[in-house]
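Every letter in the sequence shown is one number past the one before it in full-length UniProt numbering, and letter 96, counting from 1, is 96. Don't be surprised by glycine CBs; every beta carbon is placed ideally from N, CA and C. Presented below is the structure to which this report refers.
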Amino acid sequence: MPKDKLLDISLATIEIFCQVYVKKNAIEVANHLDLSQPKVSRALAALRAVFDDPLFIRRESQFQATDRAHDLYPLFSEMLQCRQQVELLMRGVAGEGREHVEIATVPQLEVNLTQSVKQAALSVMNDELMVGTSPWGESTQQQLLNDEVAAAICFERASDRAILSKSVIQHRGGYLVAREDHPIWQAPNVDNMIHYPLVKLRTMPFPANRSPLGNYAKRQGKQLQIYATAPDLGSAANSLLNSDAIIIIGVKGAVNFFRNIKGLRAQKIDAEQDHIILENFSHPTVYLWLKLDSSGKVTTPFWLQRCLEDYIITAHQ
Numbered sequence: 001m002p003k004d005k006l007l008d009i010s011l012a013t014i015e016i017f018c019q020v021y022v023k024k025n026a027i028e029v030a031n032h033l034d035l036s037q038p039k040v041s042r043a044l045a046a047l048r049a050v051f052d053d054p055l056f057i058r059r060e061s062q063f064q065a066t067d068r069a070h071d072l073y074p075l076f077s078e079m080l081q082c083r084q085q086v087e088l089l090m091r092g093v094a095g096e097g098r099e100h101v102e103i104a105t106v107p108q109l110e111v112n113l114t115q116s117v118k119q120a121a122l123s124v125m126n127d128e129l130m131v132g133t134s135p136w137g138e139s140t141q142q143q144l145l146n147d148e149v150a151a152a153i154c155f156e157r158a159s160d161r162a163i164l165s166k167s168v169i170q171h172r173g174g175y176l177v178a179r180e181d182h183p184i185w186q187a188p189n190v191d192n193m194i195h196y197p198l199v200k201l202r203t204m205p206f207p208a209n210r211s212p213l214g215n216y217a218k219r220q221g222k223q224l225q226i227y228a229t230a231p232d233l234g235s236a237a238n239s240l241l242n243s244d245a246i247i248i249i250g251v252k253g254a255v256n257f258f259r260n261i262k263g264l265r266a267q268k269i270d271a272e273q274d275h276i277i278l279e280n281f282s283h284p285t286v287y288l289w290l291k292l293d294s295s296g297k298v299t300t301p302f303w304l305q306r307c308l309e310d311y312i313i314t315a316h317q
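See below:
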């Protein structure tokens, strides 16, 4: 392996390799790192050229690491850890991290969230802000009360009075997403949709995580098949690409994520059909959870509140 080739490999490329090694899914890595899928592919291609090895081989919907990749991962992982330590030393705070903000969120509203918060932070602080996301779930209320997360984005009100559930926006219509060559596109109506398996996201914007399409199928005397319950958009995309499954989603930002994946197609559902699907269901509302202090004042910095509200609204446009 020529030394000059290795010099062309950046730490960003090495980070992509390590993420693919752990997550085994290029789409999920792109989403996690706020990168385009082609950029992830180019990074892997550059490493393959340097090491003259495929590094990852696709097996069904996942990447399987080669022996060379298994050998490289511990070394690359250590390099990334060294980089983080050097950054801390340069800042004169060895052993301490930069200011960090963690946001709990649902999969539909995770796309570009960290990037939006980092951008907003530039106007109020001199140092770069570290931003992370964690899945919204049953433990989120306690995490917010314990200051483990700064805020939460979800589809339901908090039950604890020490948390303000701020209603931000309602979904106004769903989108159908499936493979480009899926037979559903010949007649994308509700009565045809219920004949195909459904991909559900881990958190649905309806009570008890129920599917309105599944509810409609029951009214027609049919049991809707669930192909997969995906923890994130990347996993959902993989399921759609490798099956006859469909998904219905109401957040435009998430719809655009699917549209940017080669092989998938998204189309807004006709208003009449959407009304049929949502019979007995109200339009989902997106809530922003914020912690209150003992006097009832919101503890979350105002700039972060504003940023998250703007992000939610933009994600629906």
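Whole angstroms is fine: what's the gap from residue i's alpha carbon to residue j's?
i, j, result
"Pro74", "Gly253", "35 Å"
"Leu44", "Ser294", "51 Å"
"Leu145", "Thr299", "10 Å"
"Ala12", "Ala26", "15 Å"
"Ser116", "His32", "13 Å"
"Leu150", "Asp160", "The sequence as given places Ala at residue 150; Leu does not occur at that position. About 16 Å."
"Leu198", "Arg83", "43 Å"
"Ile194", "Trp303", "44 Å"
"Asp147", "Gln220", "47 Å"
"Tyr227", "Ala245", "6 Å"
"Ser36", "Leu113", "15 Å"
"Lys218", "His70", "48 Å"
"Ile9", "Asn215", "52 Å"
"Gly263", "Leu292", "45 Å"
"Glu156", "Gln305", "18 Å"
"Ile247", "Gln143", "30 Å"
With distances taken Cα to Cα, identify the nearest neighbour of residue i among the options.
i, options, result
"Lys297", "Arg59, Tyr21, Ile163, Trp136", "Ile163"
"Glu60", "Arg259, Ser235, Lys291", "Ser235"
"Asn238", "Asp8, Ile9, Ala30, Glu15", "Ala30"
"Asn189", "Ala121, Lys218, Ile276", "Ile276"
"Ser134", "Val40, Ala152, Asp191, Gln142", "Ala152"
"Thr229", "Lys222, Leu240, Gln223", "Leu240"
"Asn242", "Ile249, Ala120, Ile261", "Ile261"
"Asp191", "Tyr311, Arg58, Asp274", "Asp274"
"Ile249", "Ser123, Tyr21, Tyr175", "Tyr175"
"Pro231", "Ala49, Leu109, Asp34", "Leu109"
Near residue i, which residues of its chain fall below 8 Å by C-beta distance, leaving aside the five closest residues on each side in sequence?
i, result
"Cys18", "Tyr73, Phe76, Ser77, Leu80"
"Arg265", "Val177, Ala178, Arg179, Glu180, His182, Trp185, Arg259"
"Lys118", "Glu128, Leu129, Val131"
"Cys154", "Ala104, Thr105, Val106, Trp136, Thr140, Thr203, Val286, Tyr287, Trp289"
"Val111", "Asn31, Leu233, Gly253, Ala254, Asn256, Phe257, Ala315"
"Arg66", "It is Thr, not Arg, that sits at residue 66 in the sequence shown. Taken in chain order, the residues that qualify are Asp53, Pro54, Leu55, Phe56, Ile57."
Is the CB-CB distance between residue i and residue j below 8 Å?
i, j, result
"Arg202", "Pro107", "yes"
"Val177", "Val286", "no"
"Leu308", "Leu288", "yes"
"Lys268", "Gly173", "yes"
"Phe51", "Gln64", "no"
"Arg42", "Asp53", "no"
"Pro284", "His171", "yes"
"residue 318", "Val40", "Residue 318 falls outside the range modelled here, since the chain spans only 1 to 317, and no answer is possible."
Give me, in chain order, the residues of the same chain whose beta-carbon lies closer than 6 Å to that of residue i; leave out the 5 immediate sequence neighbours on both sides.
i, result
"Gln225", "Pro197"
"Gly92", "Unreliable positioning characterises Gly92 in this predicted model, as indicated by a pLDDT of 48, which lies under 50. A coordinate reading is not provided."
Which same chain residues end up closer than 7 Å to residue i when comparing Cβ atoms and leaving out the 5 residues on each side of it in sequence?
i, result
"Phe281", "Phe206, Pro212"
"Gln62", "Lys24, Asn25"
"Asp310", "none"
"Ala187", "none"
- prompt: Going along the chain, which unbroken runs of the alpha helix (DSSP H) with 4 or more residues stay wholly within the segment 38-90?
  reply: Listed in chain order, they are 67-90.
task: Please list the segments of the alpha helix (DSSP H) lying wholly inside the segment 183-230, counting only runs of 4 or more residues, in order along the chain.
output: Runs of the alpha helix (DSSP H) inside the segment 183-230: 190-193, 212-219.
query: Which runs of the alpha helix (DSSP H), 4 residues or longer, sit entirely within the segment 121-175?
result: Contiguous alpha helix (DSSP H) elements confined to the segment 121-175 occur at 140-145, taking only those with 4 or more residues.
field: Minimum length 3: unbroken beta strand (DSSP E) runs contained in the segment 223-297
entry: As far as the segment 223-297 is concerned, its whole beta strand (DSSP E) runs of at least 3 residues are 226-230, 247-249, 264-268, 285-291.
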